[in-house]
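**Q**
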Amino acid sequence: MTDFNTIIEAIDSSLNSMMPHSAAVLVECILAAVCAIGAYLVFAIIMIYMERKVCAAFQCRVGPDRVGKWGILQVFSDVFKMLIKEIIDIKNSDRILYNLAPFLVVMSSLITFSCLPFARGLQVLDFNIGIFFIMAASSFGILGILLAGWSSNNKFSMIGAIRSGGQMISYELSMGLSILTLVVLSGSMQISELVEDQTRGWFIFRGHIPAVIAFIMYIISGNAETNRAPFDLPEAESELTAGFHTEYSGMGFGLFYVAEFMNMFIIAGIASTIFLGGWAPFYISGLDGFNEAMCWIPGIVWFLGKTFFVIWLLMWIRWTFPRLRIDQVLVLEWKYMVPIGLLNLLIMTICVVMGWTF
Amino acid sequence: MSFKNTYIGTIVYAVKSLATGMKVTLCEFFTRKVTEHYPENRKTLKISDRHRGVLVMPHDDEGNNKCIACGLCQMTCPNGTISITTKSVTDEETGKSKKVLVEYNYDLGACMFCQLCVNACPKGAIEFSNEFENAVFDRKKLVLKLNK
Chain A
1 MTDFNTIIEA IDSSLNSMMP HSAAVLVECI LAAVCAIGAY LVFAIIMIYM
51 ERKVCAAFQC RVGPDRVGKW GILQVFSDVF KMLIKEIIDI KNSDRILYNL
101 APFLVVMSSL ITFSCLPFAR GLQVLDFNIG IFFIMAASSF GILGILLAGW
151 SSNNKFSMIG AIRSGGQMIS YELSMGLSIL TLVVLSGSMQ ISELVEDQTR
201 GWFIFRGHIP AVIAFIMYII SGNAETNRAP FDLPEAESEL TAGFHTEYSG
251 MGFGLFYVAE FMNMFIIAGI ASTIFLGGWA PFYISGLDGF NEAMCWIPGI
301 VWFLGKTFFV IWLLMWIRWT FPRLRIDQVL VLEWKYMVPI GLLNLLIMTI
351 CVVMGWTF
Chain B
1 MSFKNTYIGT IVYAVKSLAT GMKVTLCEFF TRKVTEHYPE NRKTLKISDR
51 HRGVLVMPHD DEGNNKCIAC GLCQMTCPNG TISITTKSVT DEETGKSKKV
101 LVEYNYDLGA CMFCQLCVNA CPKGAIEFSN EFENAVFDRK KLVLKLNK
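Each protein sequence line maps, in turn, to chains A and B. FYI, in the working numbering the residues of the first sequence are 1 to 358. FYI, in the working numbering the residues of the second sequence are 1 to 148.
#1: Could you check if Thr-6 (chain B) is buried or exposed, using at least 16 other CB atoms within 10 Å of its CB as the buried criterion?
#2: With distance defined between alpha-carbon atoms, name the residue in A:Leu-342, A:Ser-249, A:Phe-261 and A:Asn-92 nearest to Lys-81 (chain A).
#3: DSSP on Leu-144 (chain B), reduced to helix/strand/coil?
#4: In the structure shown, what three-state DSSP assignment does Tyr-248 (chain A) receive?
#5: Below 9 Å between beta carbons is the criterion; list the residues of the stretch 17-35 of chain B that meet it against any residue of chain A, in chain order.
#6: In chain order, what residues of the same chain lie with their CB nearer than 7 Å to the CB of Ile-8 (chain A), ignoring the 5 residues before and after it?
#7: Am I right that Asn-105 (chain B) and Gly-53 (chain B) are in contact with their C-beta atoms under 8 Å? What's the rounded C-beta distance?
#8: Sorted by chain position, which residues of the same chain lie with C-beta nearer than 8 Å to Thr-199 (chain A)'s C-beta, five sequence neighbours on each side aside?
#9: What did DSSP end up calling Tyr-38 (chain B) once you bin it into helix, strand or coil?
#10: Can you give me, in chain order, the residues of the stretch 56-82 of chain A that have a beta carbon less than 8 Å from any beta carbon in chain B?
#11: According to a CB-to-CB cut-off of less than 7 Å, which residues of the stretch 263-277 of chain A neighbour chain B?
#12: With Ser-83 (chain B) as the anchor, note down where its alpha helix (DSSP H) starts and where it stops.
#13: Going along chain B in order, which residues have a C-beta closer than 8 Å to the C-beta of Phe-321 (chain A)?
#14: Whose Cβ in chain B lies nearer than 9 Å to the Cβ of Tyr-336 (chain A)?
#15: Using beta-carbon positions only, say whether Gly-130 (chain A) and Gln-190 (chain A) come within less than 7 Å of one another.
#16: Can you list, in chain order, the residues of its chain whose CB lies under 6 Å from that of Glu-172 (chain A), leaving out five sequence neighbours each side?
#17: If I follow the unbroken alpha helix (DSSP H) through Tyr-7 (chain B), where does it start and stop?
#18: Any contact between the stretch 174-183 of chain A and the stretch 214-231 of chain A? By contact I mean 3 or more CB pairs, one from each, below 8 Å.
#19: Here's the rule: buried if 16 or more other CB atoms are within 10 angstroms of the residue's CB, otherwise exposed. What is Ile-88 (chain A)?
#20: Going by other Cβ atoms of all chains shown within 10 Å of its Cβ, with 16 needed for buried, is Cys-77 (chain B) buried or exposed?
#21: Could you compute how far the alpha carbon of Thr-6 (chain A) sits from the alpha carbon of Leu-314 (chain A)?
#22: Along the alpha helix (DSSP H) that carries Lys-81 (chain A), what are the first and last residues, could you check?
#23: Contact check, Leu-324 (chain A) vs Pro-234 (chain A) under 8 Å by CB: the rounded distance?
#24: How long is the line joining the alpha carbons of Glu-292 (chain A) and Gly-341 (chain A), rounded to whole angstroms?
#25: Apply the 10 Å Cβ neighbour rule to Phe-318 (chain A) and answer buried if 16 or more other Cβ atoms are within range, or exposed otherwise.
#26: Along the chain, where does the alpha helix (DSSP H) containing Leu-314 (chain A) start, and where does it finish?
#27: With three or more beta-carbon pairs closer than 8 Å as the criterion, would you say the stretch 23-30 of chain A touches the stretch 243-258 of chain A?
#28: Would you list the one or two residues that DSSP bridges to Val-42 (chain A)?
#29: What is the DSSP secondary structure of Lys-53 (chain A), counted as helix, strand or coil?
#30: Pairing CB atoms from the stretch 145-156 of chain A with CB atoms from the stretch 95-108 of chain A, are three or more of them under 8 Å?
#31: Can you tell which of B:Ile-126, B:Phe-128, B:Asp-107 and B:Glu-127 has its C-alpha closest to the C-alpha of Lys-140 (chain B)?
#32: Out of A:Ile-300, A:Val-105, A:Leu-343 and A:Ser-109, which one is the CA nearest neighbour of Phe-4 (chain A)?
#33: Quick one: what's Ser-97 (chain B) bridged to in DSSP?
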């Protein structure tokens, strides 16, 4: 398996030989940021195209196929349309907060995005409380949504933002519990270590029953975190026009849109990292030839393959179930997900203590 | 209290019903898609026989139609789409006077495709064809003369 650490160290040493250390660090920071933002945009484009095609397939249609071959230029034309749209100034809106909100949402998802391990060593942020950091960074996206709803001076936006706040803060809990279950299994919070540990078997297999329950819980709360159907109450178009981003036009709306898709990518990325082994290949102990063949597939392919599989799962859920009512959303969280999550955590702890895991 | 209403029962029932829904959509995901690629498949396009595209009056090989100029279609049309001009012709054998169709005018632009005229016709002289590409650049072209 290729180790990107060697490549990155080579770049680091060559930069250090060319310029003083502080300048080299600055250049490295800029390079990492550019790469992260580039990857972010590329994945956003892929995701939007995928969403439209997968949604069409679930509804027995073929989806966009007029702009370019198989409609691959559809996303670009949509972005172009968004760019040439007028940016409307809302009367009596809080100008600073109104303009700040989309950037907060994107910033939160960008920081979380940079924690994803794409391959061995190919990760921007990696430190001993990585999982903890991801949860903290992803939850301040709520702030942007609340500000967007508040500053738009529109009651629909406000209701959408309040719903979104209530929902996302609630589901953070069950998401945290399901991640904690896996942290108990692995005994580490560092993302690179989590993945390294899974090279001898993915956690979803090693943790068996509690891990599978945690995975299902994670998928449900991940769907709720990204404000997607069946939990799309914050933007419930039939009730609230578009919820918190009703008043946004042009690229302000575009940023929310991109952030929503990228949050889904991040949720799927974390799911594949902590449950399906990240860039770790599929491994069956005993079958050496098979394992050898699996190791030939590069880690980034494994990671993206798993991530897009989880994204497909999320889309499958999104295009199957109807929207819940707000009370049903909260009942599901507080009466079912949290108790089951706590119980599951207990089961996992017992399994780990008794050595019943693989 | 039945098992279905207990706490555990609701979870089991929920998982079951959600799985049913997901099975349905998964089947849908893999079925052949129903989308018609319209301008490309123009040659093979099959429009339902019951589609009401435009009103026509079928003529036989000698150019005769079944219209008896009774005017029922004109009277029944809610939009005043149909206007019939008739004349009286005296039959030479019997000597009786008989109404004959001169011109059958139909305004496609005013038609709402309710099919009342077709239902009203006692002879089945008019019908809707499934020809649907009726767009023209001038509204006057939508006024059609149906008889030959």
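Just so you know, even glycine gets a beta-carbon here, dropped at the ideal spot from N, CA and C.
**A** Result, derived from the coordinates:
#1: Classified as exposed, Thr-6 (chain B) has fewer than 16 neighbouring CB atoms from the shown chains inside 10 Å of its CB.
#2: The residue with the shortest Cα to Cα distance from Lys-81 (chain A) is A:Ser-249.
#3: Three-state DSSP puts Leu-144 (chain B) in a strand.
#4: Judged by DSSP in its simplified three-state form, Tyr-248 (chain A) adopts coil rather than helix or strand.
#5: Listed by position, the residues of the stretch 17-35 of chain B near chain A (Cβ gap below 9 Å) are Leu-18, Gly-21, Met-22, Val-24, Thr-25, Leu-26, Glu-28, Phe-29, Phe-30, Thr-31, Arg-32, Lys-33, Val-34 and Thr-35.
#6: Within the same chain, Ile-8 (chain A) has close Cβ partners Gly-121.
#7: Between Asn-105 (chain B) and Gly-53 (chain B) the beta-carbon gap is near 18 Å, outside 8 Å, which marks them as no contact.
#8: Taken in chain order, the residues that qualify are Gly-277, Ala-280, Pro-281 and Tyr-283.
#9: Of the three classes helix, strand and coil, the one that applies to Tyr-38 (chain B) here is coil, per DSSP.
#10: Legend: CB atoms of the stretch 56-82 of chain A lying less than 8 Å from CB atoms of chain B belong to residues Ala-56, Ala-57, Phe-58, Gln-59, Cys-60, Arg-61, Val-62 and Asp-65.
#11: Cβ contacts with chain B come from no residue of the stretch 263-277 of chain A.
#12: Careful: Ser-83 (chain B) lies outside any alpha helix (DSSP H), inside the beta strand (DSSP E) at 82-90.
#13: The answer, in chain order, is Leu-18 and Gly-21.
#14: What Tyr-336 (chain A) touches in chain B, judged by beta-carbon distance under 9 Å, is Tyr-7, Thr-10, Ile-11 and Ala-14, going in chain order.
#15: The Cβ atoms of Gly-130 (chain A) and Gln-190 (chain A) sit closer than 7 Å to each other.
#16: Here the set comprises Ser-139.
#17: For Tyr-7 (chain B), the uninterrupted alpha helix (DSSP H) segment begins and ends at 7-30.
#18: Yes, the stretch 174-183 of chain A is in contact with the stretch 214-231 of chain A.
#19: The Cβ neighbour count for Ile-88 (chain A), taken over all protein chains shown within 10 Å, is under 16; the residue is labelled exposed.
#20: Flag for Cys-77 (chain B) reads buried.
#21: If you draw a straight line from the Cα of Thr-6 (chain A) to the Cα of Leu-314 (chain A), it comes to about 35 Å.
#22: Start and end: 74-83.
#23: About 12 Å separates the two Cβ atoms, so there is no contact after all.
#24: Straight-line spacing of the CA atoms in Glu-292 (chain A) and Gly-341 (chain A) works out to 37 Å.
#25: Residue identity differs from the one stated: residue 318 (chain A) is Arg in this sequence, not Phe. By the Cβ neighbour-count rule, Arg-318 (chain A) is buried, with 16 or more other Cβ atoms within 10 Å of its own.
#26: Leu-314 (chain A) -> alpha helix (DSSP H) spans 299-318.
#27: No, the stretch 23-30 of chain A is not in contact with the stretch 243-258 of chain A.
#28: Looking at the DSSP assignment, Val-42 (chain A) forms no beta bridge with any residue, so it has no partner.
#29: Note: Lys-53 (chain A) maps to helix in three-state DSSP.
#30: The stretch 145-156 of chain A, when compared against the stretch 95-108 of chain A, does touch it at the 8 Å Cβ threshold.
#31: When the alpha-carbon of Lys-140 (chain B) is set against those of B:Ile-126, B:Phe-128, B:Asp-107 and B:Glu-127, the nearest one is in B:Asp-107.
#32: Considering only alpha carbons, the answer is A:Ile-300.
#33: B:Thr-90, per the DSSP bridge assignment.
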